[in-house]
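Participant: One structure follows; several queries about it will come next.
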Amino acid sequence: MALDTTALNRRMTHFDDHDDLWLFGYGSLIWKADFPFLERRPARIHGWVRRFWQGSHDHRGTPEAPGRVATLIAEEGAACLGMAYRITPETLRPLDVREKNGYLRELTPLHFEDGTSAMGLTYLATADNAAFLGEAPLDDMARQIAVAGGPSGPNRDYLLHLEAALAELGVTEEHVSELARRVREHRNDATALGVQ
Ligand code: BEZ
């Protein structure tokens, strides 16, 4: 799959003639909603887990030293908590460009806390995209996140903001909190050595 997924996403016209649609955020979209929205509500999607398996060459890393950001990995019986935004279809255009580094629009049912559900969209980076890094030992992933950074800022800030946002939503997720713990540890070690 092409590294720039903007054109592929423009072909996904499912909601183009709707007045509004639900967009599900599970990564930076939970804590960084720098786009117009009509309403936002916590929501879950079923059958997916959040994993820091996607490379970031354009936001939280560089082509030479990519960072790691979240994508969704299919897992039977799992559920992923995030934030759903009700937006107009035009709002997707700049997001397609912002998230062009391998993320494709995916249709998914969203489940809200009041028991209602709705069809929505999320951005998904699958294993066949050029920026996908996949699984690695937690320590290796944490070290990579601790040192990477790009035009959107340090990679560790992305992880630590996400950890805080999930705590605000009332969840602690082992994959995220364990990475965050190791990133803090790495930072303390580096400070003690006068490296960073
Ligand atoms: C998210 O927060 O859901 C997200 C943000 C950027 C790319 C893909 C997903």
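Numbers given in our numbering equal positions in the sequence shown, counted from 1, plus 1. By construction, the Cβ of each residue, glycine as well, lies at the ideal position given by its N, Cα and C atoms. Here the structure is a predicted model, which means the values were calculated and not measured.
With distances taken Cα to Cα, identify the nearest neighbour of Leu108 among Glu114, Thr192 and Tyr124.
Facilitator: As a working mapping, residue 108 is identified with position 107 in the sequence shown. Answer by Cα proximity: Tyr124.
Participant: Where does the unbroken alpha helix (DSSP H) through Ala126 begin, and where does it stop?
Facilitator: Locating residue 126 in the sequence shown gives position 125, counting from the first residue. No alpha helix (DSSP H) holds Ala126; DSSP gives it neither H nor E.
Participant: Once the 5 residues before and after His162 are set aside, which same chain residues still bring their CB inside 7 Å of it?
Facilitator: Along the sequence shown, one-based indexing puts residue 162 at 161. These residues qualify, in order along the chain: Trp32.
Participant: Tell me which residue opens and which closes the alpha helix (DSSP H) that Pro95 is part of.
Facilitator: As a working note, residue 95 is residue 94 in the sequence shown. Unbroken alpha helix (DSSP H) run through Pro95: Leu93 to Arg99.
Participant: Drop a sphere of 10 angstroms on the beta-carbon of Leu24, count the other beta-carbons inside from all chains shown, and report buried for 16 or more, exposed for fewer.
Facilitator: For the purposes of this step, residue 24 is taken as the residue at position 23 of the sequence shown. That one is buried.
Participant: Return the chain-ordered ranges of every beta strand (DSSP E) run that is complete within the segment 24-86 and spans a minimum of 3 residues.
Facilitator: The qualifying runs are 40-57.
Participant: Is Leu160 near the ligand BEZ, judged by its Cβ being under 7 Å from some heavy atom?
Facilitator: Counted from its first residue, the sequence shown places residue 160 at position 159. The answer is no for Leu160.
Participant: Pull the bridge partners of Phe113 from the DSSP assignment, please.
Facilitator: As a first step, residue 113 must be located in the sequence shown, where it is residue number 112. Per DSSP, Ala44.
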